[in-house]
Amino acid sequence: MGENRQAAGEAIEIESDRRFQERLWTLQRVCWLVMFGLVCAALLGATGAGGSLAAGKTSGMGASVEYPRIARWQRAERVEISLAPSAMSESQLLLGRGFLDSFSVSSMTPQPKATQARSDGVLLTFGKSPGAPGTVSIMVRPEKPSLPKEMHLTIDGARLSFTSIVLP
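For the sequence shown, my numbering begins at 22 and goes up steadily by one.
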């Protein structure tokens, strides 16, 4: 029987490359920092599941739109439209072609009084109390994953543009 045991006090000779080991440790630390950054970005909403990065807001001429800046494919999202107060008893909302190509509308509150299909989108007419602001809530579902895409909504003549990305 061969004896492979080391006698006490003898040193084991192991080849080591200190420079390689330090580079490996540095690479591991960088990878941990990248992983930490990805987790933080996901918690802030960069994956489209809520958080401050997932939602956006744009406004103009008293009207505003809260929209999904980062949406998930086939997941219901809410688009909240605030209508400016006016003396009119109606407000018109034009959902642009880019918006309709990217999202399918599943429900809308309140329901429009009139709907008109046009070459540049769909024109919706909503009744409201004169002088009072109004709100339209639209539940949408992204049609397909996409890179950042610019979309337009026109609210009582004010054209609002925003960009949305749809993740798989």
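The beta carbon of each residue, even a glycine, is placed where N, CA and C say it ideally should be.
Note that the structure is predicted; figures quoted are calculated from it, not measured.
Would residue i and residue j be called neighbours here (beta carbons separated by less than 8 Å)?
i: Gly66; j: Leu188; result: no
i: Ala108; j: Pro154; result: no
i: Ser160; j: Gly119; result: Checking the sequence shown, residue 160 turns out to be Met, not Ser. No. Outside cutoff.
i: Leu174; j: Leu114; result: yes
i: Leu104; j: Thr156; result: yes
Decide if residue i is buried, meaning its Cβ has at least 16 other Cβ atoms within 10 Å, or exposed.
i: Lys134; result: exposed
i: Arg163; result: According to the sequence displayed, residue 163 carries Pro and not Arg. The residue is buried, with at least 16 neighbouring Cβ atoms inside 10 Å.
i: Lys165; result: exposed
i: Met56; result: exposed
i: Ala62; result: exposed
i: Ser73; result: exposed
i: Val60; result: exposed
i: Val51; result: exposed
Between which two residues does the alpha helix (DSSP H) carrying residue i extend?
i: Ser123; result: Arg118 to Ser123
With 8 Å set as the bound, which would you pick, yes or no: does the beta-carbon of residue i sit closer than that to a beta-carbon of chain D?
i: Gln42; result: Note that chain D does not occur in the displayed structure, where there is just one protein chain.
How far does the beta strand (DSSP E) with residue i in it reach, from first residue to last?
i: Thr68; result: Neither: Thr68 is in no beta strand (DSSP E) and is coded neither H nor E.
i: Lys170; result: Ser167 to Ile176
i: Ser103; result: Glu98 to Leu104
i: Ser37; result: Unbroken run through Ser37: none, as it is neither H nor E.
i: Glu87; result: Ala84 to Pro89
i: Ala108; result: Unbroken run through Ala108: none, as it is neither H nor E.
DSSP state of residue i, grouped into three classes?
i: Arg139; result: strand
i: Gly77; result: strand
i: Gly148; result: strand
i: Gly155; result: strand
i: Gln113; result: strand
Cβ pair count under 8 Å reaching 3, the region 88-96 against the region 167-187: Counting Cβ pairs under 8 Å, three or more are found: they touch.
Segment contact flag, the region 127-141 with the region 33-46, C-beta cutoff 8 Å, min 3 pairs: These segments do not touch.
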